[in-house]
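Undergrad: Just passing along the structure, written as C-alpha cells.
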Amino acid sequence: MKHSFIDEYSHLNSFVHRLDPRTKLITSLVFILAVVITPGSAWQLFAAYFGIAVIMFALSKLPPSYVLKRSLVIFPFVLLIAVFIPFFKEGQVAGSYNIWLWQVSVTYTALLILANVVVKAWLSILVLILLSSTTKLDDLLNGLSQLGVPRVMILIVSFMYRYIFVLADEVMRIKQARDSRNFGGNWLHHIKTIGNMLGTLFIRSYERAERVYAAMLSRGFEGQMRTMHRLRFQQADAYFGAIFSVVLVLSYVIWL
Amino acid sequence: MVVSNIMDKIIEIKNLSFTYPDGHRGLAGVDLDISSGENVAVIGPNGAGKSTLLLHVNGILRSNGSVKICGLKMDEKNLKDIRRKVGLIFQDPEDQLFSLNVFDDVAFGPINMGLSENEVKQNVSRALGWVGMVGYEQRSPHHLSIGEKKRIAIATVLSVNPEILVIDEPTSNLDPRSKWSLVRLLNQLPITKVIATHDLELVRTLCQRTVVMDEGKIVADGTTESILADVQLLRAHGLAQ
C-alpha cells in the first residue's frame, strides 16, 4: 500500500532543495527565534518575515496550494490555546457580551495579542513546512546528527519513520479483517474489539522489533549505530547564510 | 567472492537442541555438515525448525550443541567473525531493511565492519550491481516492490562479502516472474547457500542437496533428485499431497 509522507516534495530540484540540511536547520531556527522575540507592534517586521518566507517558497518551487493547506493544520491547536486570551486582558473594551449569567468583554489589546499569537505561529509553521518539504528526512536526520543531536533521538525518529507505514498497513489489514466479519453488535462490543486490535498490534510490533534487532545483529551491529556523514557545505550555503543574516539584521535595524 | 576448496566443511553442526523460552521445542538433536560451495535446501512443514536452525548458523540463537563455521567455534570471541562470514537473509524484507534509504541499509554491514568511506561506497555499489539494483541508492525501502525489497535485502548481506548465504524463504510472496528472476540471481552467485523453503521448484533448480526437517529433527538428507523423487517421504512430512 502506498502512503503519502511528510517529505512528499523533497525530490524536487531547486536552490532550496540543494542547500545543506544543516544550513536549512540553523536558518529555520534563527528565523523562528526572530519571529518569536519580535514585539507585537512591529508589524512592518512581520511583513518583512512574510516577504522572506514568500521568496524562499518561490525559490523552492513548492506548489503554493500545498503549502497553504499544510499550514492550516496548526490553526486548531493555536486557536485552542489562544482563544481565551481576548477575555483576560484589561484595556479599552472592544465589545461586551452577555452570556447567560456572565458579562464578558473583549479588549483591543487582547485582540492584538491574539492576532500576534496567530501570526507568529503561522510564520513559524511556514518555515517548518519549507524545511521539511525541501529536505529528505534521512538528510535532515543526518544533518541533525552532525549538529550534535544525540544518536538515540535520531534513531528513534528514523525507526519511527521507517516503520510507521508498515504499521499503518498492518492496522489497515486488521481493520479490513474485522470489518469483513462484523455483523453489528452494540458499542460495548465494538470497544472490546478495538481493545483487542490494539493488543494485537502491540504484540506484532514487539515481535517485529525483535526480528529487526536480529537482522541488525546479523550484520555486525554491536550497540553503536554508525552511519556515514556524507553532508558537505557548498559555496551556495555560505552565500545563502550570509544573505539571510544580512536581510534579517537589516529588517531589525530599519523597523525596530 | 572467494570460493575455497570444495571439500572444506564450512558449517559443522553437532547434536544441536534448542527449546524456546515458552517451552516449545525448536530443535532436537540436529547434526549437519555442509561443505564449501554446496547449495543446500532445508525443507519441511511449518514449525519444523527450519528458521530456528538458520538463526543458529550466525549465533542469533545459541544453545548447548556445537556449531562451527569455517572451523570457528560459536562463542562470544568468534561471533563477530562468524557474522561477517554468514550472511543471513530474513524472510520478511521489512525486517531486513530498517534504514531510511537503500544506501544506508546496504552500507550498514560494511560500516559496522569498520571499513573506510571509500571501501564502503565500493562494496555498496558492487553489491547493488550483483543484484541488479544500481541506481536505487537514494530510494526509500517502503516505496519498493516486494521483489525489489528482496533483492536489496540480499545486497545488504552481499556487501560484506560473506562466505555463506543463509536465506529464509527467498520466494515467499513473490509472483512467478519475480520469483524466477530471483532464482536466476541466486544461481549466479558463486557462494555457499543454505536455503529454507517450501518451494520445491526452487529447490529443484537451485540446490544439489536437500535436507528434510520435521519436529526439530533432520529426517532425510541426500541429493535433491533422490529426495524429491521419494513421494512417500514428502507425503509423510507434509511436503506433498
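Listed in order, the protein sequences are those of chains S and F.
For the first sequence, my numbering begins at 15 and goes up steadily by one.
For the second sequence, my numbering begins at 14 and goes up steadily by one.
Note that the Cβ used here is the ideal one computed from N, Cα and C, for glycine as well.
Computed from a predicted model, the values in this text were never measured in an experiment.
(1) So which residues on chain F does S/F179 lean against when the C-beta distance must stay under 7 angstroms?
(2) Could you give the DSSP three-state label for F/Y33: helix, strand or coil?
(3) So the candidates are F/K192, F/S185, F/L199 and F/K163; which of them puts its Cα closest to the Cα of F/I177?
(4) Quick check: what's the CA-CA separation for S/A72 versus S/F247?
(5) Let's test the definition: count the other Cβ atoms within 10 Å of the Cβ of S/Y177 and tell me whether it reaches 16, buried, or not, exposed.
(6) Give the interface partners of S/E236 over in chain F, defined as CB-CB distance under 8 angstroms, in chain order.
(7) Can you find at least 3 beta carbon pairs, one from the region 140-156 of chain F and one from the region 24-37 of chain F, that sit closer than 8 angstroms?
(8) What residues from the region 163-185 of chain F come within 8 angstroms of chain S, judged by C-beta to C-beta, listed N to C?
(9) Are the region 114-124 of chain F and the region 187-201 of chain F touching, with three or more C-beta to C-beta distances below 8 angstroms?
(10) Can you name the residues of chain F whose CB is closer than 8 angstroms to the CB of S/F173?
(11) If F/V55 and F/I208 are in contact, beta carbons under 8 angstroms, what's the gap, nearest whole angstrom?
(12) Pick helix, strand or coil for S/R32, following the three-state DSSP scheme.
(13) Could you work out which residues of chain F lie near S/D152, taking near to mean beta carbons separated by less than 8 angstroms?
(14) Using 8 angstroms as the threshold, is the region 165-174 of chain S in touch with the region 33-53 of chain S, meaning 3 or more CB pairs across them?
(15) Cutting at 7 angstroms between CB atoms, please list the residues of its own chain near S/V280, excluding the five before and the five after it.
(16) Evaluate contact between the region 157-168 of chain S and the region 194-208 of chain S, counting only Cβ atoms and requiring at least three cross-stretch pairs below 8 angstroms.
(17) Using 8 angstroms as the threshold, is the C-beta distance between F/I124 and F/M146 below it?
(18) Assuming S/S74 contacts F/L101 (C-beta within less than 8 angstroms), just tell me the rounded distance between them.
(19) At 7 angstroms on the CB atoms, spell out the chain S contacts of F/D108, in chain order.
(20) Below 6 angstroms CB to CB, which residues in the same chain sit around F/E238 once its five sequence neighbours on both sides are set aside?
(21) What residues from the region 54-70 of chain F come within 9 angstroms of chain S, judged by C-beta to C-beta, listed N to C?
(22) Give a yes or no on contact between the region 120-129 of chain S and the region 153-164 of chain S, applying the rule of three or more CB pairs nearer than 8 angstroms.
(23) DSSP has F/E25 in a bridge; who is on the other side?
(24) So, using beta-carbon positions, are F/D299 and S/R222 closer together than 8 angstroms?
(25) Go through its chain and collect everything with a Cβ distance to S/H145's Cβ below 6 angstroms, but skip five positions before and after it.
(26) Any beta carbon of chain F sitting closer than 8 angstroms to that of S/S146?
(27) Quick check: what's the CA-CA separation for F/R97 versus F/E132?
(28) How far does the beta strand (DSSP E) with F/G235 in it extend, from its first residue to its last?
(29) Output the distance between the C-alpha atoms of S/V92 and F/V137, rounded to the nearest integer angstrom.
(30) In the region 236-265 of chain S, which residues sit with their C-beta less than 8 angstroms from some C-beta in chain F, listed in chain order?
(31) For F/V99 versus F/I82, is the C-beta distance shorter than 8 angstroms?
(32) The beta strand (DSSP E) that contains F/R222, what's its start and end?
(33) Going by DSSP, what residue range makes up the beta strand (DSSP E) through S/V120?
(34) Considering only the beta carbon of each residue, do S/D251 and S/D34 sit closer than 8 angstroms?
(35) Hey, would you say S/S24 sits closer than 8 angstroms to S/S147, going by beta carbons?
TA: Answer, in terms of the structure:
(1) H155
(2) coil
(3) F/L199
(4) 23 angstroms
(5) buried
(6) K93 and N125
(7) no
(8) T169, V170 and V173
(9) no
(10) F111
(11) 7 angstroms
(12) helix
(13) S112, L113, N114, D117 and S153
(14) no
(15) Outside the shown range of chain S, which is 15 to 270, sits residue 280 of chain S, and nothing can be said about it.
(16) no
(17) no
(18) Incorrect: roughly 43 angstroms between the Cβ atoms, too far for contact.
(19) R222, R225, V226 and A229
(20) none
(21) L68
(22) no
(23) F/D46 and F/K81
(24) Residue 299 of chain F falls outside the range modelled here, since chain F spans only 14 to 254, and no answer is possible.
(25) Strictly speaking, residue 145 of chain S in this sequence is Leu, with His absent from that position. Counting only Cβ-Cβ distances below 6 angstroms, and skipping sequence neighbours, we find K38 and S42.
(26) no
(27) 16 angstroms
(28) K230 to T236
(29) 47 angstroms
(30) E236, R240, T241 and M242
(31) yes
(32) R222 to D227
(33) W116 to T121
(34) yes
(35) yes
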